[in-house]
Amino acid sequence: MSTRLSPVPNPLIVLGAEVADARASGQPVVALESTIITHGMPWPRNAETARAVESDIRAQGAVPATIAAFEGKLHIGLSEDEMERLAEAREAMKCSRADLAFALATRRTGSTTVAATMMAADAAGIAVFATGGIGGVHRGAQETFDISADLEELARTPVCVVAAGAKALLDLPKTLEVLETRGVPVVAFGTDAFPAFWSRDSGLPAPYRLDTPEEIAALLAVRRSFPGHGGVLVANPVPQDAEIPTAEMAHIIDAAVTEAAKRGIAGKEVTPFVLSRIHEMTGGRSLETNIALVRNNARLAAQIAVCDAKTGMDATP
Ligand code: PSU
Ligand code: MN
Numbered sequence: 314m315s316t317r318l319s320p321v322p323n324p325l326i327v328l329g330a331e332v333a334d335a336r337a338s339g340q341p342v343v344a345l346e347s348t349i350i351t352h353g354m355p356w357p358r359n360a361e362t363a364r365a366v367e368s369d370i371r372a373q374g375a376v377p378a379t380i381a382a383f384e385g386k387l388h389i390g391l392s393e394d395e396m397e398r399l400a401e402a403r404e405a406m407k408c409s410r411a412d413l414a415f416a417l418a419t420r421r422t423g424s425t426t427v428a429a430t431m432m433a434a435d436a437a438g439i440a441v442f443a444t445g446g447i448g449g450v451h452r453g454a455q456e457t458f459d460i461s462a463d464l465e466e467l468a469r470t471p472v473c474v475v476a477a478g479a480k481a482l483l484d485l486p487k488t489l490e491v492l493e494t495r496g497v498p499v500v501a502f503g504t505d506a507f508p509a510f511w512s513r514d515s516g517l518p519a520p521y522r523l524d525t526p527e528e529i530a531a532l533l534a535v536r537r538s539f540p541g542h543g544g545v546l547v548a549n550p551v552p553q554d555a556e557i558p559t560a561e562m563a564h565i566i567d568a569a570v571t572e573a574a575k576r577g578i579a580g581k582e583v584t585p586f587v588l589s590r591i592h593e594m595t596g597g598r599s600l601e602t603n604i605a606l607v608r609n610n611a612r613l614a615a616q617i618a619v620c621d622a623k624t625g626m627d628a629t630p
């Protein structure tokens, strides 16, 4: 592990017991975001999914570290009680990079987006992170300038994010352009297509393709050997039996995005609003797809973390 820098201890960070043990002994850890729990899925499916995702990671031989803010501390690895509390919280703040310090300073309960989870994971020395889909360039961004801080974070923070592509409610070609401009490698797993969250194929080619967790761990090792590099986006398509094809999703997404604009929904509220409208409009089917893809990403992230921990060990002189 000689090539990795130990994170500076931060008194605001509380590691869960299992995560602390894993970090101390070099065991693989997978970070998990929590906005998907507070703003991405309705209760009680959010709580069930959060628990299922954690057990999927354990089944692959890695330790899950769900991240959230409680009473002025950034928790990395939640107890069952903390997880339940977060899943039931009605006033949780959705924290991206811009919000995290505010949530901690004011002791609010806060969930972390992809951007804030990457920040936290990096501060705790965790290199691999699983989510559903990253945020990106919103449709109409040329007017609104609404571009998720997730893209900026991928450009600056050296964490591997495993996602089912970017959420299909976004402008996917522009999202890929920004990722390229900001120097983020985008690697589709086992496919040539860039996936579109609920659908396996966005119709856009993925910049790169790799087919095994070992190959992804090798890419991470190379990235790490250059100082100042940022993250890597691994785009893992939703399993076939759970997918809703793009042709079926297109008009539903259009209707939900148009409704959000008509109601004047903007900023941080856009993604949660559109996701929940889509869940309603598909009669819950898109929620099942969302759960399947998050669990699929968790399994792959754990396999990558296991390979990455081995690579780190091999690198020790
Ligand atoms: N993936 C999901 N559901 C979600 C999100 C991702 O399956 O709710 C969240 C992530 O936390 C992501 C955030 O970082 O939506 C993006 O929000 P915004 O577009 O406001 O940056
Ligand atoms: Mn936004």
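For the sequence shown, my numbering begins at 314 and goes up steadily by one. Note that the Cβ used here is the ideal one computed from N, Cα and C, for glycine as well. Here the structure is a predicted model, which is why all the values come from computation and not from measurement.
Next item on the list: Assign residue 421 to one of three DSSP states: helix, strand, or coil.
Entry: Three-state DSSP puts residue 421 in coil, outside helix and strand.
Next item on the list: Just list the alpha helix (DSSP H) runs in the stretch 503 to 538, keeping only unbroken ones of 4 residues or longer that don't cross its boundaries, in chain order.
Entry: Entirely contained in the stretch 503 to 538, the alpha helix (DSSP H) runs reaching 4 residues are, in chain order, 526 to 537.
Next item on the list: Can you say whether residue 368 is buried or exposed, counting buried as having 16 or more other CB atoms within 10 angstroms of its CB?
Entry: By the beta-carbon neighbour count (other beta carbons within 10 angstroms, threshold 16), residue 368 is exposed.
Item checked: DSSP three-state assignment for residue 406, whether helix, strand or coil -> Strand at residue 406.
Next item on the list: Using the Cα positions of residue 608 and residue 602, report the straight-line distance between them to the nearest angstrom.
Entry: When rounded, the separation of the alpha-carbon atoms in residue 608 and residue 602 is 10 Å.
Next item on the list: Run the proximity test for residue 412: is its beta-carbon closer than 7 Å to any non-hydrogen atom belonging to ligand 2?
Entry: Relative to the non-hydrogen atoms of ligand 2, the Cβ of residue 412 never comes closer than 7 Å to any of them.
Notebook entry, point to check: Where does residue 596 land, buried or exposed, given buried means 16+ other C-beta within 10 angstroms?
Noted result: By the 10 Å Cβ count, residue 596 comes out exposed.
Note to self: So for residue 587, helix, strand or coil by DSSP?
What the structure shows: Shown here, residue 587 sits in a helix according to DSSP, grouped into three states.
Note to self: According to DSSP, simplified to helix, strand and coil, what is residue 595?
What the structure shows: It is coil, neither helix nor strand.
Margin query: How far does the beta strand (DSSP E) with residue 386 in it extend, from its first residue to its last?
Written below: 386 to 389 is the extent of the beta strand (DSSP E) around residue 386.
Notebook entry, point to check: Grouping DSSP H, G and I as helix and E and B as strand, with all else coil, what is residue 551?
Noted result: Three-state DSSP puts residue 551 in coil, outside helix and strand.
Notebook entry, point to check: Excluding sequence positions up to five away, which residues of its chain have a Cβ less than 8 Å from the Cβ of residue 557?
Noted result: 511, 512, 595, 598, 599 and 602.
Check: For the beta strand (DSSP E) that residue 486 lies in, which residues bound it at each end?
Finding: Unbroken run through residue 486 is the alpha helix (DSSP H), 485 to 494; no beta strand (DSSP E).
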